[in-house]
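Colleague: Structure below; questions to follow.
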Ligand code: HEM
Ligand SMILES: Nc1ncnc2c1ncn2[C@@H]1O[C@H](COP(=O)(O)OP(=O)(O)OP(=O)(O)O)[C@@H](O)[C@H]1O
Ligand SMILES: Nc1ncnc2c1ncn2[C@@H]1O[C@H](COP(=O)(O)OP(=O)(O)OP(=O)(O)O)[C@@H](O)[C@H]1O
Ligand SMILES: [Mg+2]
Ligand SMILES: [Mg+2]
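Residue numbers (full-length UniProt numbering), protein chains in the order written: chain A, 1 to 250; chain F, 1 to 208; chain H, 1 to 208; chain G, 1 to 232; chain S, 1 to 232; chain L, 1 to 66.
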């Protein structure tokens, strides 16, 4: 077990193993996203209440789910980095944070846009919306904190601590926000209750969610590999690797 | 029980440049180590590593034969570190500053002991002036007064002579000598010529 | 036109204690004045008065024969003051810091001139590193590089040798000497032994 | 020379740290009342910016008071470790042979004593200006006293993380304000419940639970954050 | 050795100062957006503290937005001279053979460019969240752009006065907030007028007049305040 | 197929601005992420190669001198 963890933590080993995995994830992401998009945009039936604006769900929900998963991943990576000092975990965290923020933004934007035809307003202070907004701020905090340190290691540790503190807080925030909203005015808008969606509505959604996840994994692997090159650029094996790369001259 | 600080294979990299690598050193009772080198050679960095403040380095530190991780509390109880910054509060008086430092060790200390220490270090008459209103050299002297108060065997001093006048430097040198003779140990950096002392060893950094 | 900084009957009181009183001094071309005294004797205070930063004092300052009030702009254009704090921005590189200081004089300067100055002061290879990541001595060297860039006749230097290594001190002494020979003038404080120089005069404070 | 055995003496160290910080804050008497005056000023700005209509003001008063108190606490947090960092005494605090969480907890305690507690005491006074019903004053003060302790603890984590940074002030807000939201909600909720005549007990209980959790976890997080900042 | 005649070269010095401050701020990219994020966060806090009811929020939106923008500006002001003071470059700025008011004006200009202007641009977005009517967005942005320039200028006086003090941050608020009140009243008034469909021109004209006055007087006041602080 | 024609698909039953802007922003961010990742990787490798070449040059010159 220990040996395995440490092997996993070795950038060289990871670089080699991920080279084989990454293309598969990119391919799966491409296929799933294309199929899901065409299915969701053109073939899924329109909603009897919302009409075609309902098709926003196929980007909104995957982005919202992924945004939350990314924060969890960030905290896990931060914990691994702080406890076992595995640099690879931090490289992954550095890469995940901006993507998580981007997905949070997509969820917020698509939700806000969706709100206009369905609720008649861009924004309401609904519990889910509010906690998503706060999550965006938490992402900004983690990214800004990492960038504010001159030393990379200190920035990494600080960001890890903040991610851990944030992940302890997210459930509390969610819970309190929900409580707050029902407290002030019981019947505000709720996100459309799930009207037992027909299969040809939720199947494309499932495909899209899987596609987003594959995309996330592929992107994280690719960018972590770049991060390895950046941080280990003084190592022998990285030098040799660059020479062996297409376009390199001996 | 006797003490000994050992560093084995110490190395530190900053921005892809090795300040030092594979450095072995050891300091025990009655020994004095002077870390030498030009500006930017890594003296301060080495002292921070030796005092356990910087943990991102190669190699291993041992205190009293045990790895530093395990003996950290004992080590800290035996260490007096004075860095580039004097570590005294500008709004407090020298007396109040010293009282806090004593209490940090869990000692209550006595007002008269603190007065004596301040007198000895040359701050007679300034005991109750807020430190912020003292001159550069006087502020450093407040920090130096800690050496007289709490008996700690290991002193780690980063340029202790900064801003101190000539008489003060001589007095300080005598004090260091006395500490070593009593069986304490000292690690220091300075660009000053030190008066010749027994038991002085040197480590030179960055003589590339 | 020639220049001369004169102080007549200078005095400064701090907390009911006269640091110095009735001090007359004058510095002209080719002269070097060393202000001496133990810690807390008022050297920094005197230098701040002489550079026009502290205005609450007794006595009168004159520049080029005119009272300081009237000749302040000319005076400032001829003054280079380096205080206890180095006055360089930690987030900027040495090159950027120097560029700003040149521009403050209304000069555009050239990148290559700045590079040369930094090389000469011993910061070759550190021109683009944020100053905050340099060592104590290197940070002071960035400030000292200003002496090489803008030709100002009057240098007022408060402990310029702080944190500078032995070679650096020697180089700096030669530089001061050269400035004086060229007809500039220098006022400085230091606790270092200065190498014997021609044209060096001394003012002793607080030898009570 | 004798090797020094690590003494315990934690009580002495904690008491001295509390005394030192109290002295430091009280020595500049002006500074202790700064957060209070900021609080009062912000509360004065709102009627000016919004409208002098008392019915409207009374409706938004619990929220305004809580947000203003929160901002006042958070502003005063920036300097919690900053000045210790600048003059090198933070370095020395970390090198003390005492458990760091206990020492930082005493610093936070002093911060709360001189900021959160006075804010809580003063809030009813400003409640009058915003036409808040008198029944809610006790709950307002109690909720602020409880809540501001959590605010100090959580904020100190952010202050510790940003202590070495040049422009920490605003970054600190970014890190800390999102984490404050539950406390704000329960605190303002308690006052609102009191205004409406409902029981504020559940809200106050929740505030207490949050405080207990913060007391358990925050000191360790603060200590870890300080070690990171010093290392940078 | 030649005596140096005082050169003019003011344009060079001003341009270099602007460039230096811009570089300093932009080097840490995170820090430029910090006031913006603070603005957004404070605006988020209010609905959480007050109530999610859109009608109520829309009514108080102009005041909330203006007060939050004011606080964001004022917080970011604290560091305007602080870091220059700490590392001794303020001392050197005062010893430069150039008119000090011009140099400080360039520092304030950079502050406004990187704080006030972005705040004004972002305000409509937050207006959406507070359910502010769309018609008033242009006036909101314009009033904030004009007003925040005055805020920066006036705030800089306070920043200059407190730069030597250890805990300047909160004291600064006290000095400066009362001076902000006229700007707040006219600014929020302009937006309110636009919401109600009335003409915002008189309010905007008054804001412009205040700005002109601040531009004429503040640089001298800032310069004098800096000289006083350095002398301490 | 839920739509009669391509134009109907584009019109989204009157909801075109909403649906297409939401999808557009999502697609744009995904595409930008991919492009950025690719550019980053390519630049890193080019930098490494340049560094290798430079160092090889240096060491060759050193051996030449010797
Ligand atoms: C800015 C506005 C919005 C935000 C921030 C937002 C956020 C979220 C979040 C966080 C989820 C949870 C995903 C999960 O974990 O399962 C979600 C799901 C969902 N949202 Fe939104 N939303 C917004 C607006 C809307 C609007 C306007 C609608 C439709 C009227 C909507 C419909 C849905 C649906 C149908 C789901 C899936 C429900 C489920 O799986 O539980 N959302 N949204
Ligand atoms: N701001 C101040 N307020 C009150 N007294 C001050 C202030 N600054 C300095 N002093 C007093 O003036 C005296 C002289 O200070 P100064 O800094 O000029 O000494 P110095 O000769 O430069 O000493 P050093 O060699 O230590 O640098 C000190 O004893 C100090 O107590
Ligand atoms: N926080 C940091 N980040 C990156 N590099 C640093 C940092 N601190 C120091 N360095 C680098 O490490 C080198 C050694 O610094 P250090 O302060 O140890 O030197 P020193 O020997 O104490 O010099 P001095 O005699 O000037 O005090 C410097 O060249 C500096 O560039
Ligand atoms: Mg050093
Ligand atoms: Mg001095």
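Backbone N, C-alpha and C fix where the C-beta goes; we use that ideal spot for every residue, glycine too.
For clarity, every value in this text was computed on a predicted model and none was experimentally measured.
#1: Starting from residue 38 of chain S, find everything on chain G with Cβ-Cβ shorter than 8 Å and list it in chain order.
#2: If we count Cβ pairs, one from each stretch, closer than 8 Å, do we get three or more for the region 84-99 of chain H versus the region 55-71 of chain H?
#3: Is it a yes or a no for the region 81-94 of chain A touching the region 203-218 of chain A, going by three-plus beta-carbon pairs under 8 Å?
#4: May I ask you to report which of helix, strand or coil DSSP gives residue 141 of chain F?
#5: Taking C-beta pairs closer than 7 Å, name the residues in chain L that residue 52 of chain A reaches, listed in chain order.
#6: Could you pull out every residue in the same chain whose Cβ sits closer than 7 Å to the Cβ of residue 107 of chain S, ignoring the five residues on either side in sequence?
#7: Spatial neighbours of residue 85 of chain S within its chain, please: CB distance less than 6 Å, with the 5 preceding and 5 following residues excluded, ordered by chain position.
#8: Could you check whether residue 231 of chain G and residue 45 of chain F sit closer than 8 Å to each other, using their CB atoms as the reference points?
#9: Which chain F residues sit within Cβ distance under 9 Å of residue 135 of chain G?
#10: Taking the beta carbon of residue 187 of chain A as the centre, do at least 16 other beta carbons fall within 10 Å, making it buried, or is it exposed?
#11: Identify whether residue 186 of chain F lies in helix, strand or coil by the three-state DSSP scheme.
#12: Which residues does DSSP list as the beta-bridge partners of residue 158 of chain H?
#13: Please confirm whether any heavy atom of ligand 2 lies closer than 7 Å to the CB of residue 40 of chain H.
#14: Tell me, to the nearest whole angstrom, how far the beta carbon of residue 137 of chain F is from that of residue 168 of chain F; I am working on the premise that it is less than 8 Å.
#15: Considering only the beta carbon of each residue, do residue 5 of chain L and residue 113 of chain A sit closer than 8 Å?
#16: If you reduce the DSSP assignment to three classes, tell me which class residue 8 of chain G lands in.
#17: Where do the ends of the beta strand (DSSP E) carrying residue 200 of chain A lie?
#18: What would DSSP say about residue 55 of chain F, mapped onto helix, strand or coil?
#19: Taking the Cβ atom as the reference point for each residue, do residue 10 of chain F and residue 49 of chain F lie within a distance shorter than 8 Å?
#20: Pull out every residue of the region 38-54 of chain G whose Cβ sits closer than 8 Å to any Cβ of chain S, in chain order.
#21: Pick out whichever of A/233, A/44, A/168 and A/93 has its Cα sitting closest to the Cα of residue 145 of chain A.
#22: Name the chain S residues that come within less than 7 Å of residue 155 of chain H, Cβ to Cβ?
#23: Rounded to whole angstroms, what's the CA-CA distance from residue 75 of chain H to residue 116 of chain H? Just pull it up for me.
#24: Between residue 136 of chain F and chain H, is any beta-carbon pair separated by less than 8 Å?
#25: State yes or no: is the beta carbon of residue 189 of chain A nearer than 8 Å to at least one beta carbon in chain S?
#26: Just checking: is the beta-carbon of residue 86 of chain A within a distance shorter than 8 Å of some beta-carbon in chain G?
#27: Consult DSSP for residue 277 of chain F and reduce its assignment to one of helix, strand or coil.
#28: Looking only at its own chain, which residues have a Cβ that is under 6 Å from the Cβ of residue 222 of chain G, when we skip the five neighbours before and after it?
#29: Look up residue 47 of chain A in the DSSP assignment and say whether it is helix, strand or coil.
#30: Mind pulling the alpha helix (DSSP H) runs of 4 or more residues that sit fully within the region 49-103 of chain H?
#31: By how many angstroms is the C-alpha of residue 223 of chain A removed from the C-alpha of residue 18 of chain A?
#32: Let me know if residue 185 of chain A comes out buried or exposed under the rule of 16 or more other beta-carbons within 10 Å of its beta-carbon.
#33: Using a C-beta to C-beta distance shorter than 7 Å, which residues of chain G count as neighbours of residue 180 of chain A?
#34: Out of curiosity, what's the CA-to-CA distance linking residue 110 of chain S and residue 77 of chain S?
#35: Of all Cβ atoms in chain F, is any one closer than 8 Å to the Cβ of residue 163 of chain G?
#36: Drop a sphere of 10 angstroms on the beta-carbon of residue 10 of chain L, count the other beta-carbons inside from all chains shown, and report buried for 16 or more, exposed for fewer.
Modeller: Reading it off the structure:
#1: Identification of chain G residues near residue 38 of chain S by a Cβ-Cβ cut-off of 8 Å yields 170, 173, 174 and 177, ordered along the chain.
#2: no
#3: Touching, no.
#4: In the structure shown, residue 141 of chain F sits in a helix (DSSP, three-state: H, G or I).
#5: The answer, in chain order, is 12, 13, 15 and 19.
#6: Here the set comprises 17, 21 and 80.
#7: 163
#8: no
#9: By Cβ distance, chain F contributes nothing, its closest Cβ being about 43 Å from residue 135 of chain G, past 9 Å.
#10: Low per-residue confidence applies at residue 187 of chain A: pLDDT is 41, beneath 50, and the placement is therefore not dependable, though the value from the model is reported in the following sentence. Exposed, because fewer than 16 other Cβ atoms sit within 10 Å of the Cβ of residue 187 of chain A.
#11: strand
#12: H/189
#13: Yes, the Cβ of residue 40 of chain H comes within 7 Å of a heavy atom of ligand 2.
#14: About 7 Å separates the beta carbon of residue 137 of chain F from that of residue 168 of chain F, a gap short enough to meet the 8 Å contact definition.
#15: no
#16: coil
#17: Element bounds for residue 200 of chain A: not the beta strand (DSSP E) but the alpha helix (DSSP H), 199-231.
#18: coil
#19: yes
#20: Within the region 38-54 of chain G, the qualifying residues are 38, 41, 42, 45, 46, 48, 49, 50 and 51.
#21: The option with the nearest alpha carbon to residue 145 of chain A is A/93.
#22: Those within 7 Å of residue 155 of chain H in chain S number zero; the least Cβ separation is about 11 Å.
#23: Distance from the CA of residue 75 of chain H to the CA of residue 116 of chain H, rounded to the nearest whole angstrom, comes to 27 Å.
#24: For residue 136 of chain F, the answer is yes, since a Cβ of chain H falls inside 8 Å of its Cβ.
#25: Low per-residue confidence applies at residue 189 of chain A: pLDDT is 47, beneath 50, and the placement is therefore not dependable enough to give any value.
#26: no
#27: For residue 277 of chain F there is no data in the structure shown, the boundaries of chain F being 1 and 208.
#28: 104, 156, 157 and 160
#29: Secondary structure at residue 47 of chain A: strand, using DSSP grouped into helix, strand and coil.
#30: With a minimum length of 4 residues, the continuous alpha helix (DSSP H) runs that stay inside the region 49-103 of chain H are 68-78.
#31: A straight-line Cα-Cα distance of about 11 Å links residue 18 of chain A and residue 223 of chain A.
#32: Model confidence at residue 185 of chain A stands at a pLDDT of 47, short of 50, so the residue's coordinates are unreliable and nothing is read from them.
#33: 185 and 189
#34: 11 Å
#35: no
#36: exposed
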